[in-house]
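In what follows, a structure is listed as structure tokens, so that the remarks can point back to it.
Number of protein chains: 2
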Amino acid sequence: MGKALIIGAGGVSNVVVHKCCQHPEVFEEICLASRTVEKCDAIKNKLAGSKTKIHTARVNADDSNQVIDLIRSFNPDIVINVALPYQDLAIMDACLATGVHYLDTANYEPPDTPKFEYKWQWAYREKFKEAGLMALLGSGFDPGVTGVFCAYAQKHYFDQIDYIDIVDANAGDHGYPFATNFNPEINIREITAKGRFYENGEWKETEPLEYKHVYDLPEIGPKNIYLLYHEELESLAVNIKGVKRIRFWMTFSDNYINHLTVLQNVGMTSIEPINYEGKEIIPLQFLKAVLPDPGSLGPRTKGKTNIGCIIQGTKDGKPRTYYVYNVCDHQECYREVGSQAISYTTGVPAMIGAKLMLQGIWNKPGVFNVEEFDPDPFMDELNKCGLPWKEEFSPTLLD
Amino acid sequence: MGKALIIGAGGVSNVVVHKCCQHPEVFEEICLASRTVEKCDAIKNKLAGSKTKIHTARVNADDSNQVIDLIRSFNPDIVINVALPYQDLAIMDACLATGVHYLDTANYEPPDTPKFEYKWQWAYREKFKEAGLMALLGSGFDPGVTGVFCAYAQKHYFDQIDYIDIVDANAGDHGYPFATNFNPEINIREITAKGRFYENGEWKETEPLEYKHVYDLPEIGPKNIYLLYHEELESLAVNIKGVKRIRFWMTFSDNYINHLTVLQNVGMTSIEPINYEGKEIIPLQFLKAVLPDPGSLGPRTKGKTNIGCIIQGTKDGKPRTYYVYNVCDHQECYREVGSQAISYTTGVPAMIGAKLMLQGIWNKPGVFNVEEFDPDPFMDELNKCGLPWKEEFSPTLLD
Chain W
1 MGKALIIGAG GVSNVVVHKC CQHPEVFEEI CLASRTVEKC DAIKNKLAGS KTKIHTARVN
61 ADDSNQVIDL IRSFNPDIVI NVALPYQDLA IMDACLATGV HYLDTANYEP PDTPKFEYKW
121 QWAYREKFKE AGLMALLGSG FDPGVTGVFC AYAQKHYFDQ IDYIDIVDAN AGDHGYPFAT
181 NFNPEINIRE ITAKGRFYEN GEWKETEPLE YKHVYDLPEI GPKNIYLLYH EELESLAVNI
241 KGVKRIRFWM TFSDNYINHL TVLQNVGMTS IEPINYEGKE IIPLQFLKAV LPDPGSLGPR
301 TKGKTNIGCI IQGTKDGKPR TYYVYNVCDH QECYREVGSQ AISYTTGVPA MIGAKLMLQG
361 IWNKPGVFNV EEFDPDPFMD ELNKCGLPWK EEFSPTLLD
Chain E
1 MGKALIIGAG GVSNVVVHKC CQHPEVFEEI CLASRTVEKC DAIKNKLAGS KTKIHTARVN
61 ADDSNQVIDL IRSFNPDIVI NVALPYQDLA IMDACLATGV HYLDTANYEP PDTPKFEYKW
121 QWAYREKFKE AGLMALLGSG FDPGVTGVFC AYAQKHYFDQ IDYIDIVDAN AGDHGYPFAT
181 NFNPEINIRE ITAKGRFYEN GEWKETEPLE YKHVYDLPEI GPKNIYLLYH EELESLAVNI
241 KGVKRIRFWM TFSDNYINHL TVLQNVGMTS IEPINYEGKE IIPLQFLKAV LPDPGSLGPR
301 TKGKTNIGCI IQGTKDGKPR TYYVYNVCDH QECYREVGSQ AISYTTGVPA MIGAKLMLQG
361 IWNKPGVFNV EEFDPDPFMD ELNKCGLPWK EEFSPTLLD
């Protein structure tokens, strides 16, 4: 049916490629490109024998012209961007220049002042519309599936949604006292940044980790969850009409927060270089070298993730509550695609979004967030593609 | 009256030199020697104008012959060893070779397998006795004053001492979330080593930090104290005849233990080098470089130490309890001698021991621990020389 150019060769990309190859009737040919072509080749080699034809290429996605050249030579129908958030705009520009649809999983952030905000990408709306091209933003899990969950609730269960609480829980255990899946810098930013939520038309700020609950999550059990800002809040506040409050909650264990806090206290998370025996060394970089390699965590991580939306509102004039969530098992993901649940839950929805676009099921010129489309086909694909969801109609609510 | 050779130029040495200079009638001339003569000169320069004549010299105290040469050229009456514990035997050998008395504050440890044990130094008893020389071991605070406290209790208040609990509390606050006074390696050893205490003629081992109490210390308040092994237990178990149980307790704050534990968890206290950008770096050494310089803590440390002995036994057939302790203020010490209480409480008793030896008040050929002498003159000097002690006759007892 079509050709996809996938940019980026990290854990999420590995999942996207594996899942595309499970649908060779849609993804007939893919080109996997990144700065380090060896990483692309490594993923390709795991999929030898796939019906989907896989190419690899080297590209520096900071440079629109390199992406344009690659698109011109491979001639894809869609670009699936799972590279770095700093590169979103350069890749969107290349799509516009070449007339190709676009999809990503995380919104653009300026490299110098990292900040979650859709304004830069939403500014491309007219350009994509005029070009007859579609850009689907944030088609991962959160953002992504959480927006589809809200659209699904709106379509089937509510006349009016008043409150949305998104709860992202990771109960994975890698067996180390401390390790990070991602860049420790991003982890530290998560727990030290001020929280923010939407209420009655305004954005309200909280101190870092100020709002905490213990929530008893299905298939996971009670966990500490903390209010954070997360990028889908911005688009949902616009797209779920009349919503009064939207909040995002994430689990952090006491142990995790304690380790990050101590490392920060002693200066090991600093990005100011110190002179050590004549060599300039950034403490955070040295810490990364001492910590377990994030790449080693996949095979040893046990347990599950649970990400979902707790929604309150009214239907036919009566109050109603609804909880829709997905539970994902780290070890099952690893067995299936060689990545654990964090990458899996992001990569599968990226493939689904691209599949619906190539099939013409989600097809509208312009720049969109996932909750702006009919959620039913996406919800159906989640059940078929490894991220089945469950519903509850009287969940515990958060204050 | 006499001449003292002081070996070592760290914080304790700084205190010893200052306190010797307060008694120029006893310490007429001193020579301060260490591997780094500049450190000796720095201490000397602070005492310009002192009646005690101060010389400095370079010596590597690992090498007996260098110490012998220095002793022969300076011709002291006593060597005060406040160098590294690894160097005790080399310095004792030099004293025997040259006919000079010896004093130290911490027992010998073999450099390859650090272990608190008196056996190596007690093996010198006959040699010192035959040479008509005296060696006084462990004349700091603990070991040192704690032994004098026990001997004083034995002499004045008890026919029979049954139980001794030594409690060493440091309530100093340097204002950093985490920093160490000493080598972090030694701090880590303290909290990760198994505990040990003497009971009914046997040594009993505990898990690291297994025994914990909250003890309400005079002038400090309630603190977490943990049972540890400490070197004076070995000599007191021998010298306090018939004692049934001796334990040593030290304060560690939850914050301190937490920081050390996290740093250990993540591998930052490891002494195994890792290859970082082509350079072999020992994580613990890099951590030291990131942590506040221990030398910077002195001027900013506020609060007090409280070290003492809680003793139970009988007098005239009746049960009796006794608590004798010293409280020392970090900032007062710093004002007086430019070192905080940790160094002060060790350095003052070293000077007192040397003073009593030079005055002939403590004078017996052989190798001895402090509790083997008449405690009264030492207790008297403590009151006069900056470490006044207090007594309680119905202290709270430890289970």
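Just so you know, the sequences run in chain order W and E. Each step along the first sequence adds one to the number in UniProt numbering, with nothing skipped, and position 177 is 177. Each step along the second sequence adds one to the number in UniProt numbering, with nothing skipped, and position 109 is 109. Glycine included, C-beta positions come from ideal geometry on N, C-alpha and C.
Going by CA-CA distance only, name the one from the options that's closest to residue i.
i, options, result
"F373 (chain W)", "W:N107, W:G147 and W:K279", "W:G147"
"R167 (chain W)", "W:G242, W:V367, W:A94 and W:H230", "The residue you asked about is not Arg; residue 167 (chain W) is Val in the sequence shown. Closest by alpha carbon: W:H230."
"I342 (chain W)", "W:R245, W:L356 and W:P294", "W:P294"
"E207 (chain W)", "W:N200, W:V214, W:Y215 and W:R196", "W:R196"
"G132 (chain W)", "W:R300, W:G366 and W:L291", "W:G366"
"P110 (chain W)", "W:H101, W:Y211, W:Y102 and W:W120", "W:W120"
"E29 (chain W)", "W:M351, W:A4 and W:V337", "W:A4"
"P85 (chain E)", "E:P395, E:E277, E:P377 and E:Y108", "E:Y108"
"T251 (chain E)", "E:N187, E:K244 and E:L297", "E:N187"
"R189 (chain W)", "W:V145, W:F149 and W:F116", "W:F116"
"E381 (chain E)", "E:G267, E:I246, E:I257 and E:V145", "E:V145"
"L297 (chain W)", "W:T180, W:D376, W:I191 and W:W249", "W:T180"
Here's a check: name, in chain order, each residue in its chain whose Cβ is nearer than 6 Å to the Cβ of residue i, leaving out the five neighbours to either side.
i, result
"V327 (chain W)", "E219, K304 and N306"
"F158 (chain W)", "G313 and K315"
"P24 (chain W)", "K51 and T52"
"Q66 (chain W)", "V59 and N60"
Grouping DSSP H, G and I as helix and E and B as strand, with all else coil, what is residue i?
i, result
"V37 (chain W)", "helix"
"F286 (chain E)", "helix"
"T146 (chain E)", "helix"
"E234 (chain E)", "helix"
"V59 (chain E)", "coil"
"D254 (chain W)", "helix"
"E381 (chain W)", "helix"
"E29 (chain E)", "strand"
"E371 (chain W)", "helix"
"K319 (chain E)", "As written in the sequence, residue 319 (chain E) is Pro, which differs from the Lys given in the question. Three-state result, P319 (chain E): strand."
"H23 (chain E)", "coil"
"E210 (chain E)", "coil"
"G295 (chain E)", "helix"
"F128 (chain E)", "helix"
"Q66 (chain E)", "helix"
Just to confirm before moving on: does the CB-CB distance between residue i and residue j stay below 8 Å?
i, j, result
"residue 485 (chain W)", "N60 (chain E)", "Outside the modelled stretch of chain W, which goes from 1 to 399, sits residue 485 (chain W), for which no answer is possible."
"T105 (chain W)", "T346 (chain W)", "yes"
"C21 (chain W)", "S64 (chain W)", "no"
"P292 (chain E)", "Y163 (chain E)", "no"
"S235 (chain E)", "N369 (chain E)", "yes"
"S339 (chain E)", "N14 (chain E)", "yes"
"L136 (chain W)", "L103 (chain W)", "yes"
"P283 (chain E)", "V290 (chain W)", "yes"
"M351 (chain W)", "I78 (chain W)", "no"
"I310 (chain E)", "A153 (chain E)", "no"
"K223 (chain W)", "A151 (chain W)", "no"
"L47 (chain E)", "C40 (chain E)", "no"
"residue 402 (chain E)", "L398 (chain E)", "What the structure shows of chain E is the stretch from 1 to 399, and residue 402 (chain E) is not part of that stretch, so it cannot be assessed."
Looking only at DSSP bridge pairs, what is residue i linked to?
i, result
"A169 (chain W)", "W:N306"
"D112 (chain W)", "In DSSP, D112 (chain W) forms no bridge with anything."
"G366 (chain E)", "E:M134"
"C95 (chain E)", "DSSP, once it has assigned bridges, lists no residue as partnering C95 (chain E)."
"A4 (chain E)", "E:I30 and E:I78"
"H156 (chain W)", "Beta-bridge pairing links H156 (chain W) to no other residue."
"F178 (chain W)", "Beta-bridge pairing links F178 (chain W) to no other residue."
"D329 (chain W)", "W:K304"
"W203 (chain E)", "E:Y198"
"D395 (chain E)", "The residue you asked about is not Asp; residue 395 (chain E) is Pro in the sequence shown. According to DSSP, which records beta bridges pairwise, P395 (chain E) is partnered with nothing at all."
"V100 (chain W)", "Per DSSP, none; premise fails for V100 (chain W)."
"E280 (chain W)", "W:N275"
"N224 (chain E)", "E:V214"
Only counting the same chain, and skipping five residues up and downstream in sequence, which positions put a Cβ closer than 7 Å to that of residue i?
i, result
"V348 (chain W)", "V15, K19, C385, G386 and L387"
"S394 (chain W)", "T321"
"I271 (chain W)", "I282 and L284"
Tell me which same chain residues have a C-beta within less than 8 Å of the C-beta of residue i, skipping the five on either side of it?
i, result
"D173 (chain E)", "T301, K302 and G303"
"N75 (chain E)", "K3"
If we cut at 8 Å on Cβ distances, does residue i have a partner in chain C?
i, result
"N265 (chain E)", "The question asks about chain C, but that chain is absent: this structure's protein chains are W and E."
Could you check if residue i belongs to the surroundings of the ligand ATP, using beta carbon to heavy atom distance under 7 Å?
i, result
"G8 (chain W)", "No copy of the ligand ATP appears in this structure; indeed no ligand is present at all."
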